[in-house]
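A.B. asks:
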Amino acid sequence: MQTKFDRPSLIEVLVRQQAVTDSAAHEAISTRGNEAGEIGPLLVSAGLITDEQLAQATAEQYGLPYDSLSNVEVDPKFYQSIPVKLMQRYPFVPIAEQDGVLTIAVADPANLLALDELELLLNRSLRLVVSPRPAIQGALGRGEGASHALRELEAEYRSVLVKEDERGEEILTADQVVEDQSPAVKLMDTILHSALQRRASDIHIEATDQATLVKFRIDGILLPAMDQLDLKVHAPLVSRLKVMSDLDIAERRVPQDGRFRMRIDRRTVDFRVSILPSVFGESVVIRILDRDSITAGLASLKLDRLGFNPEDLKRFRRAILAPHGMVLVTGPTGSGKTTTLYAAIAELHTQEDKLITIEDPVEYQLPGVVQIPVNEKKGLTFARGLRSILRHDPDKIMVGEIRDADTAQIAIQSALTGHLVFTTVHANHVFDVMGRFVSMGIDPYNFISALNCVLAQRLVRTICPTCREPVKLDHELAEESGLDFDRYRDAILFQGRGCRECHGTGYRGRKCLTELLNLTDEIKEMLLARRPVSEIRYRAMTDGMTTLRQSALIKVLRGETTLREINRVTFAERS
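Take the sequence shown: its position 268, counting from 1, is numbered 267 in numbering that gives the first Met the number 0, and each next residue is one higher.
#1: Mind checking which residues open and close the alpha helix (DSSP H) that includes residue 525?
#2: Only counting the same chain, and skipping five residues up and downstream in sequence, which positions put a Cβ closer than 6 Å to that of residue 48?
#3: So what does residue 258 bridge to, in DSSP terms?
#4: Determine the extent of the alpha helix (DSSP H) in which residue 412 is found, giving its start and end residues.
#5: What number of angstroms, rounded off, separates the C-alpha of residue 472 from the C-alpha of residue 369?
#6: Give the single residue among 25, 512, 325 whose Cα lies nearest to the Cα of residue 397.
#7: Quick one: what does DSSP say residue 241 is sitting in, helix, strand or coil?
#8: Residue 397 bridges to which residues according to DSSP?
#9: I need the straight-line Cα distance from residue 247 to residue 217, nearest angstrom please.
#10: Can you tell me whether residue 76 is helix, strand or coil according to DSSP?
#11: Would you mind sorting residue 457 into buried or exposed? The rule is 16 or more other CB atoms within 10 Å of its CB.
#12: Examine the Cβ distances between the stretch 434–441 and the stretch 342–350 and report whether three or more of them are shorter than 8 Å.
#13: Tell me whether residue 377 is buried or exposed, calling it buried when 16 or more other Cβ atoms sit within 10 Å of its Cβ.
#14: Which class does residue 307 belong to by DSSP, given the choice of helix, strand or coil?
#15: What does a CB cutoff of less than 6 Å around residue 569 pick up in its chain, not counting 5 residues either side in sequence?
#16: Can the beta-carbon of residue 411 be found less than 9 Å from the beta-carbon of residue 527?
#17: State the DSSP-derived secondary structure class of residue 384, mapped to helix, strand or coil.
#18: From residue 351 to residue 390, what does the alpha carbon distance come to, in whole angstroms?
#19: Roughly how many whole angstroms lie between the Cα atoms of residue 562 and residue 304?
#20: Tell me, please, which residues DSSP counts as bridged to residue 452.
#21: If you check the beta carbons only, do residue 513 and residue 449 fall under 9 Å apart?
#22: In its own chain, which residues sit with a C-beta less than 7 Å from the C-beta of residue 77, not counting the 5 before and 5 after it?
#23: Would you call the CB atoms of residue 453 and residue 327 closer than 9 Å?
#24: Buried or exposed: where does residue 517 fall if 16 or more other Cβ atoms within 10 Å of its Cβ makes it buried?
#25: Residues in the same chain with beta-carbon distance under 8 Å from residue 21, minus the five sequence neighbours each way, listed in chain order, please.
#26: So the candidates are 543, 323, 491, 122; which of them puts its Cα closest to the Cα of residue 416?
#27: Beta-carbon separation of residue 195 and residue 268 under 9 Å?
#28: How many angstroms separate the CA atom of residue 479 from the CA atom of residue 564?
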């Protein structure tokens with residue numbers, strides 16, 4: 000290992016590795032200021048280098064090996080002799096042990112005080128390799144490590160709960176939750192961290208007659224997050240969550256809704272909490288809103304990255320570039336309607352236009368856009384907010400959802416009087432939209448005149464790129480999917496085998512399926528004449544409309560998803 004006196008500086012190594020230029024590094028340091036030992040993280044936060052480049056440069060600087068930890072599975076034997084909490088506190092990953100020397104992966108070999116303390120605690124010599132900090136945290140957060148940490152916490156829970164049983168059943172208070180139930184804090188934090196690492200959108204905590212179940216919704220599908228927990232864990236866990244969300248912990252008989260915010264790994268994450276009473280205990284759903292990653296994603300959010308087929312994308316862009324009218328996106332809850340509208344707004348937004356949105360709630364924050372959250376308790380409904388928006392001289396308006404006749408009427412009038420209106424409504428497909436508005440009592444003529452296009456969409460999971468493999472079409476699956484087996488027997492399809500990256504599901508990420516109805520003059524006349532849906536569909540398909548099922552089959556034949564997945568979200572059509 001190099002001595003302190005002949006060791007190059009981190010910037011010198013980064014420049015030699017061509018990771019950053021000397022001038023750019025010093026400019027970032029002078030702009031942001033610098034404290035000793037923080038040059039590397041500063042350059043990462045400035046976006047000049049990645050965590051991997053920082054780790055590689057640090058390894059060269061200190062004359063140590065570099066390990067990406069991409070294929071490293073922590074040997075379960077280490078969890079028997081080294082507490083998981085210790086690995087997480089420093090943090091480090093044990094890799095191998097030989098002749099009393101333990102090889103560990105660390106991100107900061109310069110922290111000699113911590114390493115000396117670690118040697119004393121472990122009572123063995125250490126050999127160091129350098130790894131990226133996110134890779135270390137990821138290795139500790141997945142698989143056996145996370146399960147072992149949860150088992151330790153659950154054991155700690157049981158000891159606390161036994162003491163409570165001995166002195167009788169008590170009504171939980173905020174003070175007791177904070178003082179007596181400290182393991183609840185640790186368990187809830189572990190669940191939240193694990194959910195973020197696994198890209199979950201929601202956390203479900205449910206009580207059965209014998210256990211507490213924790214599930215994550217990942218890519219739209221509910222998956223078990225961990226082994227079943229003892230039922231005694233449930234009440235303290237929910238009470239902890241109520242304290243975090245400023246809810247009434249003594250009330251267990253009525254639904255409650257709240258929210259809280261946490262700072263996790265230098266990110267600000269919002270959590271929306273909904274609690275319902277059930278037979279065996281309160282059921283909890285936590286919606287995760289990682290605003291930092293959303294904001295970063297929005298910066299590069301484009302319509303062509305969402306999964307549109309080329310023709311639908313061309314027609315949709317033509318509709319959103321119109322000077323006025325209504326762009327309507329429809330689909331069930333969780334089908335990506337809001338994301339599509341934000342992608343459209345991100346492409347259109349310029350400083351020349353005034354753009355105002357009214358949403359319930361505001362989940363994504365866009366720079367330069369006035370965003371209004373609905374607050375029905377205070378009387379701010381979609382309709383009332385939309386009326387006020389029109390007095391603020393907007394060019395483009397986004398209405399999060401049309402739920403009632405008042406909102407629909409105002410949105411249509413706005414589209415007819417020179418505004419471009421983006422909005423969503425719940426309907427199964429593009430031809431259901433007309434009936435949805437007519438049932439609200441809306442005049443069909445004004446509605447049809449205002450419409451530029453109707454886009455129906457669904458989200459379908461995409462095959463994990465790490466474990467993707469070719470397969471032959473199964474005859475039985477072809478029948479279930481409405482496919483002519485003889486026609487597609489030679490088609491090469493793909494599926495995910497299941498790996499660590501996709502947590503064994505075979506899928507990673509989602510893309511949208513689209514069905515776009517272009518409101519041509521002929522289609523408008525047919526809608527106003529109340530022609531049968533079958534006739535309007537035939538005319539639209541003659542004009543080039545692609546149905547949701549056709550869009551799904553295109554993605555299957557391109558190897559992007561599977562037949563089983565499209566059967567889950569669309570109806571089979573004979574083809």
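The C-beta atom is built at its ideal place from N, Cα and C for all residues, glycine as well.
Computed from a predicted structure; not experimentally measured.
C.D. replies: With the given structure in hand:
#1: First-last of the alpha helix (DSSP H) with residue 525: 520–527.
#2: Cβ-Cβ distances below 6 Å link residue 48 to 18, 19, 42 in the same chain, with the five nearest sequence neighbours on each side left out; the list follows chain order.
#3: 271
#4: 404–415
#5: 50 Å
#6: 325
#7: Of the three classes helix, strand and coil, the one that applies to residue 241 here is helix, per DSSP.
#8: Residue 397 pairs with 356, 421.
#9: 30 Å
#10: helix
#11: The residue is buried, with at least 16 neighbouring Cβ atoms inside 10 Å.
#12: Result no; under three Cβ-Cβ pairs closer than 8 Å.
#13: Exposed, by the Cβ-count rule.
#14: Note: residue 307 maps to coil in three-state DSSP.
#15: 547, 548, 551
#16: no
#17: helix
#18: 18 Å
#19: 22 Å
#20: 326, 517
#21: no
#22: 93
#23: The answer is yes: Cβ separation under 9 Å.
#24: buried
#25: 10, 14
#26: It is 323 whose Cα lies nearest to the Cα of residue 416.
#27: It is a contact, given that the beta carbons lie within the stated cut-off.
#28: 12 Å
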